[in-house]
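Right, dumping it as structure tokens:
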């Protein structure tokens, strides 16, 4: 058309009309560039993902991303082509997201099941009731999740797994009460006079020791302390009983030695002297 305008003498009217119509047709056939705003966003979203080429859903995203970028670079791409590339990419991303969530749930669930089996294998009778209770509670929550995993999130599954680990770590072994039992049996074999200071101390220590003996949650420190206190009280009683017995023996010796032997038969005096000698050997 521009050539005709520059040199109109060289063409016919029909040629001019044909050129005019060609211009009109070309203008009518102009195609607006496609709006790639949403496609660009989808491509940006996909490029931020970490993709594993060996994973089915990840590979689908990569393939859709490659196609989308080709359309993005194509200045002649139609809006239909742009929208189709965007939709295909978004669909692949959505499928990956769904599968990733499912994979995460399954992985978390398997970890929870493994931890639950470890907890079930624990002999709870070996531990104090107070420390076992959190484990029993955590196991109940974990079992509920295993029975109905669709009702919880990945975070809830992980929290339940951690609760099981924490509860197991918090278990407190029952104290060994063997020596305490011996001390109690020993004390219970004694004849105690509540009016006697040392005997009362034994009874008090015995009562405390039996309370610790009956306490399933007693720590080893508490058990050992109760045993030591009882043994100390029993030892103090034994020491005092011996001192009292020696005092009585000394009184008997003093009385025997002050006896007027001339008033008694030689045979009986001989027995008294023998007893005095035996008593002196004990006292000295």
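Residue numbers (full-length UniProt numbering): 1 to 284.
Cβ coordinates follow ideal geometry from the N, Cα and C atoms, glycine included.
Based on the DSSP output, what are the partners of residue i in its beta bridges?
i, result
"residue 173", "127"
Consult DSSP for residue i and reduce its assignment to one of helix, strand or coil.
i, result
"residue 180", "helix"
"residue 34", "coil"
"residue 80", "helix"
"residue 216", "coil"
"residue 11", "coil"
"residue 58", "helix"
"residue 152", "coil"
"residue 134", "helix"
"residue 233", "helix"
"residue 221", "helix"
"residue 289", "Summary: the structure shown does not reach residue 289, with the chain confined to residues 1 through 284, and so no result is reported for it."
"residue 98", "helix"
"residue 121", "coil"
Is it buried or exposed, residue i, if we count other Cβ atoms within 10 angstroms and call 16 or more buried?
i, result
"residue 5", "exposed"
"residue 150", "exposed"
"residue 264", "exposed"
"residue 164", "buried"
"residue 267", "exposed"
"residue 72", "buried"
"residue 199", "buried"
"residue 42", "buried"
"residue 178", "exposed"
"residue 14", "exposed"
"residue 70", "exposed"
Going straight from the alpha carbon of residue i to that of residue j, what length do you get?
i, j, result
"residue 92", "residue 74", "21 Å"
"residue 86", "residue 78", "12 Å"
"residue 174", "residue 127", "5 Å"
"residue 145", "residue 189", "55 Å"
"residue 232", "residue 201", "10 Å"
In the DSSP assignment, the alpha helix (DSSP H) including residue i goes from what residue to what residue?
i, result
"residue 192", "First-last for residue 192: undefined, no H or E at that position."
"residue 272", "266 to 283"
"residue 3", "2 to 6"
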